[in-house]
Every structure is written in structure tokens, then in C-alpha cells.
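Report on one structure; see the data block that follows.
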Amino acid sequence: MNTHHLALTGISCAGCVRSIEKALNAVPGVTKAEINFAERTAMVEGDVTIDSLISAVETAGYGASMLNLDADGNETDMSEKEAVEQAHYWILIRRFIVAGVVGAALFSAALFDWLPAITAKYGQFSWGMAAAITLFVMYYSGRNFYIGAWKAFNVNNANMDTLVALGTGAAWLYSTLVVIAPSSVPSLAQHAYYEAAAIIISLLNLGQALEMRARGKTSQAIKRLIGLQAKTARVVRNGKDIDVPMEDVQLNDIIRVRPGEKVPVDGVITEGHSNLDESMITGEPLPVSKKLDDDVVGGTLNKTGSFLFKATRVGKDTALARIIGMVRQAQNSKPPIGRLADTISGIFVPIVLIAAVLTAMLWFDFGPSPKAAYMLVATMTVLIIACPCALGLATPISVMVGVGKAAEYGILIRNGEALQTAGKLTTVVLDKTGTVTEGRPSVTQIVATAASNKDTILQLAASIETGSEHPLAEAIVSHARENNTTFSTVTDFNAISGLGVSAKIEGQTLLLGNRKLMNDHNIDVSSLNEDFDALAQQGATPMFLANAGKAAGIIAVSDPIKADSAHAIKRLQAKGLKVVMLTGDNMATAAAVAQQVGINDVLAEVLPEDKANNVEKLQQGGEVVAMVGDGINDAPALTQANVGFAIGTGTDVAIESADVTLMRGSLHGVADAIDISLATLKNIKQNLVGSFLYNTLGIPIAAGILYPIIGVLLNPIIAGAAMAASSVTVVTNANRLRFFKTKSKMESSV
Amino acid sequence: MIILVNLLGLALIALIVWWFWMAKSFTRHSAANVVAAEHDLVAIDVENGVYTPDTIHVKKGKTITLRFTRKDPNPCAEMVLLPDFNTSAELPLNKPYDMKLTPEKEGEFEFTCQMGMYRGQLVVE
């Protein structure tokens, strides 16, 4: 016995519930059928197939589909979606052809006088046939418009369907009135407009088909990301490799990846090493070498070696799944620039209806004879030419393509607002460590006083720093390990924020830190000042070591500047942006790094908690500020900034924390993100201006504003073509963004 | 005759204004397509340019599942956006899509398709 769940449609009253229940219970094998009216679902138990249940409900006059309750049915299957779209595309094309052939025949008939005049012999009969054929076309190719218009009308709503239905419906009714009772209108107005109705419906179907095709392309970026997901994983269980479907991969599974294969989920390498192509996620074109304990990301491609890794994130938690979720979300969010268009498109259709009535009145009051014909043509043209869709689509469709484009570059834009603000930035604040520099500091020099020696300084400094988690400390400790230094036992460890550390070894007080720390403890460092300043000016971070109240030496740690930082900063400055570097490091070091990368404004010796305040100060000065940082330590400053950029290296980024997440460590990502935002905004503006102009010019022209001036009245068929073309144009224009290339891409491809 | 036709036109305009703007708030709350979400799930059909039901009354702070079933293959119906909740979804065709929401603010919040032609309302009380 099985339990089936059905989603029901077409239920409007409790009476429907009873008839569906009856229908389901009548299916052989059903033991129990329960209907939830509020949820519009049915739960059926019995030895039956789901198909027999669905057909029973359908026979009863309602609709049903299978409801998959346990599986997460919310993930759209792209191939299925494409198949559905493809099928609908051909339906639209068929409707276009049928209406188009009939329309063209009627058009030719009118043009070449193939049919007798309405009042001539057999005229009413011939035109009556034309009326019937047109009615068939309206049903076959256009019934969606009429049904949609009626349904919307019932809930006090008006949409595009309303306009189309009224325009073509009025044409048919008027024409049929003329055919049935020609004498009811003056002889000059005895004209039928069946061809207009048929051709307009035909063109609108074509427009929808083309729009659908073009729209399919707008979601290519998300399709690409979904396509990155592997279907199976080779899990090592009981010493054997087994191919397991993705949904069965568990946390901590050991998975084997061979050369040329995709990494199925996120994890850590436990055996072997390889080069991985991570470009699809991070936008980084060069393969990345991975060894034991390195992270691997699901969806990336293994190039050379074979390795084993332990799954640390599976299913919806993988970086790829989160990226897909975020891009989807962002693609559907609207930037503020689109709000006006939203408001207008909300009240647009009733306004057009009013315009149509006014048009009819004006032609009646002031128009030439035959008034009835002119009234009809102008009114119909107004209804048909108006296109709320183009207006409504202008913003979201460009955002969709723009956000998708950014994802291709490894740039995740959180929402439409971030996209719009990124185009208005005036200042970019860069954190130094990990943003301008690699964020992997190492000991580059040790200076000892006459009373000490380099080994002792390293030994003491490393011993103190074993207790610290600061990146500089880690550099010292790992340098000591490489030199096989033995560590001493440390007591009374104390980290002094912004200054350094103090600790005791064998009863002696040791200080390691900047000049201020030494001054605070009245330690004379005059003999070391020259070396200290020289090291700082090279961009290293020197630290004094004092032992038992006396200066012992300097240990200098330096963090190499990222190879492309200077170039990326130049790109930002070339856009007219003010670039500021923010760091907790000492002024000399900060200035040296700044000078090497071409930054003039430096805010040094900023305590971590003051970073956000500094951003705020810039904002108070009228700047629109972007903050670029690592997303974890800089989180408050990122939030304070108008646009927060979290710069990551690969996957370990908190992609939820920033407005923009750069999957790649390069600062080019900031410039690229700004480029893409500007291009997207430009595209949105083109779309908005285009569709505003189209409607504000099109409607008066359709109403006949040119008639008193140059004697021209727009043909409703041309209005139909214009309307169909307008939304296709908007989508096509947005699609141009797919071919957008940022400067960094252009240069790297040269 | 002239006066009659003009009066007819003005009456038609008044009717349009009344039906699409003024009557909206009046019928919305009384029509059959208004659903009070006593259960935590409301099924919404997306078809022929309208959401059925199009007005959903929900309790503040209570998590509700909106089960959208899109039956309109037209691309217009593909997206549903709830800008006030900062959420949106791509609706598969003929397959229910569940959207969970927990409204924390009282008021009327619109949900629409991408173009704003499909329109519905979530009334949080």
C-alpha cells in the first residue's frame, strides 16, 4: 500500500472537495482519500498508481499533480525547465504561424479586393466567413489573452492581456457589427478589421516566443553554475571505491578524485596532491596547486594528480550551493533605480484604458468622417501599442544578466542595491594585510644589539608568540620552527592591543612590539632606531624586543604585496576614485607599502575597533565609501561602508557578510565589480529610458496626435509589431551585457 | 447625441477608475479569492495572469508556507518576488514550489511577477 500526495487545482468551494473525494474513492484500490481544502492537497492511501489518481481528479473536472513532500522539490531541474520552455516556444510559434497565415490572407484580400464589398452580392456571406475564421484564430492563437484579461478583471486587475483583449476584441466586434448590419454605420466606415486582429495576435505570439528565447539566455550564468555540480562522487568505503549519487555523500566521507574529474563536494585533502582549476568558482585563470591539508572546493576541476579528500561540507552547505543560492537571490532583487518603473507599471494599464477612452471621445468630437472608423482605429492602436511589460522588465532583466556576469568573474553581488551603489562610489578604502598584501607574513630580517645575537632574539620572540594568534606571531613561530629553535616556557603572557605583547621567561620580563610599547616602559631603543626606520621604510613590520628592561634587537616581519595590487589600484584611480589604505600597522611601514602600490592616502595605526569609525568619518565628508577587507576581522567596517567588499581566497569566505564577495584574492575584483555595476546600470538606464520614451511617444502617436499636423494615423498592425518588438528589445539589450568584458579580462586575453 | 457619447465616455473613465483602483480595496477583502491563513500553508495558483488566491491574510510572527503552483508556461509567470521580504523564487511549471515566510511587521505587502503584471498581497495582521 502506498501513500500519495496530490496538489489540487481548480477547487473553489467545499462542494469541489466532496466531488474530488468521491472521484478519488471511486478509483479501484483506494482505501482512504483525504482532502485539505485550505492547502488544496489530497492524501490518498491505497494500492494505486499516481497517474490513475490524477486522471480521476481530472475527469471530475479539476486539476492535480504529484506532490513530493519528502524531497526538496524546490530546486529547479534545469533540463526539465528547458524542455518545458522548448515545448511552450513551439506552441507560441504555431500560434504565430496560424494567426499570421490567416492575417496575411485577410490582409491581401482587403488589399487586392479578393472579397466583394460588404454591401455587394455575397459580401455579407464572404465577410461573415472571414469573421468566423478570425474568431477561430482568436481562440486558437489568442485565447490566453482573453482568459487572462477576464481573470484579471474579476480581481480588479488589469494587465497586458487586458489591453490586447480589448484592442483585438473591439476590432472584431466592430467589424462583425459592420458585416451584420452595414447600414448601422456610414458607408465610408463600412470596413472590417479582421486582418488587424489576426495579425496583432500573431505578432504578439511571435514577440512572446522571441522574448522567451532571449530570456533563456539571461539565465545562462546560473545554468553554468548549476552545471558545475557533479552528479556522483567516488567514495572510499571499506577500502573500496563506490560511485555514490551526490545526495548520499555524507560528512567525513573519504572521496577519491582522479585527474580530469570534478571535485564533488567541499573538503580537505587527506592524501596526495594535485593542481586544480578553480576558475569556474573564483575567476582565477591559473590552476592552483593543492597538497595535504589544503581545502578543495566542490565543482572545481582536478587537472593532474589523484588525491583523496575528506568531505567537510555537503549538499546545501557547499560553497557552490551557497553561491548558486546567493546569485539566484541577487538576480531577482531590484535596485532602487527600478522602483519608479515598478510604481508606474502598477498603474499603467488603467491609465492606458483611460487614454483609449479619451482618444475615442476626441475623435468623436473633433475627428473627420467616418467618425466610427477613426475612433475604432485610434482606440485600438492606443490599446495595442502600450507596453507595460517593457517598462516592468527593464530593470530586473538587466540585473539578472549583470549579476550573472559578475558571478563569472568570481564576484558575488548580494543584491540590486549593492549593484547600484557600487556604480556611485567615490572612495575605496583598502585594508592592508590580506587585501593589498598577500596576508602571509614571514620573518625577513633580525637585527641584534651588541649584547645579544640573532638566534637568541628569534628564540625569545618565538617563545613569547607561541601563545598569540596574530598573523605576525604565526610568522615568527613558523620561522623559528623552520630553524629548529627550542621554545622556552612562557608565563604571564599579555597581548596589548595595538602595541604588542609582554611575557615572562625564567622570571625576566620580555616586551615585543612597536616603539610606543618601548616608550611606555621607558626602554631606550636609540641604538636600534635607524635600523627600525629603514626596515619600516622597506614596507616590513619591525618589532622591538626588550629583555629585562634593555633593548635586545629587532625582528622584522614582512607581508609581500600581491603581484597585481599596484595595477588594480591604478585601475581604481583611473576611474576617478580616491583610494585610501587603512591599517593597524605603523605609519612608516604603511607608507612604504602605500608608496609601492601608488596609494597617497594612508590611515595607519588604526585600532581594529576604529576601522568602522574611520569609514564613517569619510562618509561624513560626503564620500560614498567602499571598504575592502577580509570579511571576518573587518566585518564592522564592511557593514559601515556603503558597499562592503569581502575579499577571499577561494572558499573560506563568509559570503553572507558582505555586499560584494570576491572569490579571488585579487584587487582587480573590486575594479571589475565596479565595471560590471556601471555597465549594468547603464544598461538599465537604456532600457528604462527606451521603454519610457516608447510609451510616452507611442501612445500619443497611436491616439493620432500627428493626424492634425501631417495627416498620419498609425496602423494598428504596426502598433502590434512595435509592442511585440519592445519587450524583445529590452531583453536583447540586457543580453548584450553577457558579452561585457572588464579591463582585467581584456588585458589578460591580449 | 454628442453629449450622450461624451457622457458615456466620461462614465466609462469613472468606471475604470472605480473598478481598478477604488473598488480594489473594497472587493479584495470580501471576494472569494481572499484566504485567511489559519493553517500554516496556503496554496496559490499562478495562471492566466492572476494569483489565486491573490490576497492572503496571515498572522504576524507566524511562519507560513506559500505553495505556488505555476501553470502558466508564459515566461511572465516564472518569477515571484516579495520585495518587502527580500525574497524571490523561480517557479517551476506545474510543480508546487514552497516558500516559507515569517512576517514580523504588520501591513500589506505585495507579491508580484518580475514585470508587476501578476499581483498579489500578503496582509499581515
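Chains as they are written, first to last, in our numbering: chain Y, 1 to 750; chain X, 1001 to 1125.
Yeah, the Cβ is synthetic: ideal placement off N, Cα and C, and Gly gets one too.
Quick check on DSSP: helix, strand or coil for alanine 198 (chain Y)?
In the structure shown, alanine 198 (chain Y) falls within a helical segment according to DSSP collapsed to helix, strand and coil.
With proline 636 (chain Y) as the anchor, note down where its alpha helix (DSSP H) starts and where it stops.
Segment 635–640, the alpha helix (DSSP H) holding proline 636 (chain Y).
Touch check for the stretch 698–708 of chain Y and the stretch 362–380 of chain Y: three-plus C-beta pairs under 8 Å?
The stretch 698–708 of chain Y vs the stretch 362–380 of chain Y: in contact.
Anticipated Cβ contact below 8 Å, lysine 637 (chain Y) with methionine 627 (chain Y), distance rounded:
Reading off the sequence, residue 637 (chain Y) comes out as alanine, not lysine. Rounded to whole angstroms, the Cβ separation of alanine 637 (chain Y) and methionine 627 (chain Y) is 5 Å, and the two are in contact under 8 Å.
Would proline 1103 (chain X) count as contacting chain Y if we go by Cβ distances under 7 Å?
It does not: the Cβ of proline 1103 (chain X) has no partner Cβ on chain Y nearer than 7 Å.
Here's a check: name, in chain order, each residue in its chain whose Cβ is nearer than 6 Å to the Cβ of alanine 196 (chain Y), leaving out the five neighbours to either side.
If we look at alanine 196 (chain Y) and ignore the five residues flanking it on each side, its Cβ neighbours are Ala171, Pro716 and Ile717.
Spatial neighbours of isoleucine 1064 (chain X) within its chain, please: CB distance less than 6 Å, with the 5 preceding and 5 following residues excluded, ordered by chain position.
Taken in chain order, the residues that qualify are Ala1037, Asp1040, Val1058 and Leu1101.
Taking C-beta to C-beta, are threonine 751 (chain Y) and valine 477 (chain Y) nearer than 7 Å?
The structure shown does not extend to residue 751 (chain Y), since chain Y spans only 1 to 750, so no value can be given for it.
Helix, strand or coil at lysine 432 (chain Y) according to DSSP, with G and I counted as helix:
It is helical.
Pull up the distance between the alpha-carbon of leucine 667 (chain Y) and that of aspartate 630 (chain Y), whole angstroms please.
Distance from the CA of leucine 667 (chain Y) to the CA of aspartate 630 (chain Y), rounded to the nearest whole angstrom, comes to 12 Å.
By the 8 Å beta-carbon criterion, what residues does the stretch 296–323 of chain Y contribute toward chain X?
The residues in question: there are none.
Quick one: which chain X residues come within Cβ less than 8 Å of glutamate 211 (chain Y)?
Taking a Cβ-Cβ threshold of 8 Å, the residues of chain X close to glutamate 211 (chain Y) are Pro1075, in chain order.
When burial is assigned at 16 or more other CB atoms within 10 Å of the CB, is tryptophan 114 (chain Y) buried or exposed?
Counting the other Cβ atoms within 10 Å of the Cβ of tryptophan 114 (chain Y) gives fewer than 16, which makes it exposed.
Let me make sure I understand the geometry here. Which of Y:Lys611, Y:Asn514 and Y:Lys550 has the alpha-carbon closest to that of methionine 587 (chain Y)?
Of all alpha-carbon atoms in Y:Lys611, Y:Asn514 and Y:Lys550, the one lying nearest the alpha-carbon of methionine 587 (chain Y) is that of Y:Asn514.
Just to check my reading of the structure: alanine 702 (chain Y) and alanine 719 (chain Y) have Cβ atoms closer than 8 Å, yes? What is that Cβ distance to the nearest angstrom?
Between alanine 702 (chain Y) and alanine 719 (chain Y), the beta carbon gap of about 6 Å places them in contact (Cβ cut-off 8 Å).
Mark valine 731 (chain Y) as exposed unless 16 or more other C-beta atoms lie within 10 angstroms of its C-beta, in which case mark it buried.
Counting every other CB atom within 10 Å of its CB across the protein chains shown gives valine 731 (chain Y) a total of 16 or more, marking it as buried.
Through-space distance from tryptophan 150 (chain Y) to threonine 300 (chain Y), alpha-carbon basis
Between threonine 300 (chain Y) and tryptophan 150 (chain Y), the C-alpha separation is close to 51 Å.
Option in Y:Ala604, Y:Gln508, Y:Leu204 and Y:Val297 with minimal Cα separation from alanine 386 (chain Y):
Comparing Cα positions, the closest option is Y:Leu204.
Who pairs with isoleucine 413 (chain Y) in a beta bridge, going by DSSP?
Residue pairing for isoleucine 413 (chain Y): DSSP places it in a beta bridge opposite Y:Val660.
Residue-level contact to chain Y via CB, proline 1096 (chain X), 7 Å cutoff
Yes, its Cβ sits closer than 7 Å to a Cβ of chain Y.
Can you round the beta-carbon distance between methionine 663 (chain Y) and threonine 282 (chain Y) to whole angstroms, since I take them to be within the 8 Å contact cut?
Confirmed, Cβ separation roughly 4 Å.
I'd like the span of the alpha helix (DSSP H) that includes serine 175 (chain Y), first residue to last.
Its alpha helix (DSSP H) spans residues 160–180.
Same chain only: Cβ atoms within 8 Å of lysine 303 (chain Y), ignoring 5 sequence neighbours per side
Scanning its chain for C-beta atoms nearer than 8 Å, with the 5 sequence neighbours on each side dropped, one finds around lysine 303 (chain Y) the residues Pro259, Gly260, Ser274, Asn275, Leu276, Asp277 and Pro287, in chain order.
Could you work out which residue in Y:Ala132, Y:Val98, Y:Gln250 and Y:Gly338 is closest to phenylalanine 692 (chain Y) when comparing CA atoms only?
The candidate whose alpha carbon is nearest that of phenylalanine 692 (chain Y) is Y:Gly338.
If I follow the unbroken alpha helix (DSSP H) through glutamate 408 (chain Y), where does it start and stop?
Going by DSSP, glutamate 408 (chain Y) is part of the alpha helix (DSSP H) stretching over 388–408.
Three-state class that DSSP yields for arginine 738 (chain Y) in the structure shown
For arginine 738 (chain Y), the secondary structure class from DSSP, reduced to helix, strand or coil, is helix.
What number of angstroms, rounded off, separates the C-alpha of alanine 131 (chain Y) from the C-alpha of leucine 173 (chain Y)?
The alpha-carbon atoms of alanine 131 (chain Y) and leucine 173 (chain Y) are separated by roughly 9 Å.
Along chain X, in chain order, which residues have C-beta atoms closer than 7 Å to that of methionine 160 (chain Y)?
Listed along chain X, the residues sitting closer than 7 Å to methionine 160 (chain Y) by beta-carbon distance are Met1117.
Beta-carbon separation of threonine 729 (chain Y) and isoleucine 561 (chain Y) under 7 Å?
No.
The beta strand (DSSP E) enclosing isoleucine 505 (chain Y), as first and last residue numbers:
500–505 is the span of the beta strand (DSSP E), which, as asked, contains isoleucine 505 (chain Y).
Going by DSSP in three states, asparagine 254 (chain Y) sits in which element: helix, strand or coil?
According to the sequence shown, residue 254 (chain Y) is isoleucine rather than asparagine. Correct three-state label for isoleucine 254 (chain Y): strand.
Between which two residues does the beta strand (DSSP E) containing aspartate 601 (chain Y) stretch?
Residues 601–603.
Give the secondary structure of isoleucine 523 (chain Y) by DSSP, where H, G and I count as helix, E and B as strand, and everything else as coil.
Taken through DSSP and simplified to helix, strand or coil, isoleucine 523 (chain Y) comes out as coil.
Taking 7 Å as the threshold (C-beta atoms), are valine 660 (chain Y) and alanine 321 (chain Y) in contact?
No, the pair does not count as a contact, with Cβ atoms beyond the cut-off.
Using only the alpha-carbon positions, how far apart do valine 712 (chain Y) and threonine 359 (chain Y) sit?
Their Cα atoms are separated by approximately 15 Å.
What did DSSP end up calling isoleucine 496 (chain Y) once you bin it into helix, strand or coil?
DSSP, read as helix, strand or coil, puts isoleucine 496 (chain Y) in strand.
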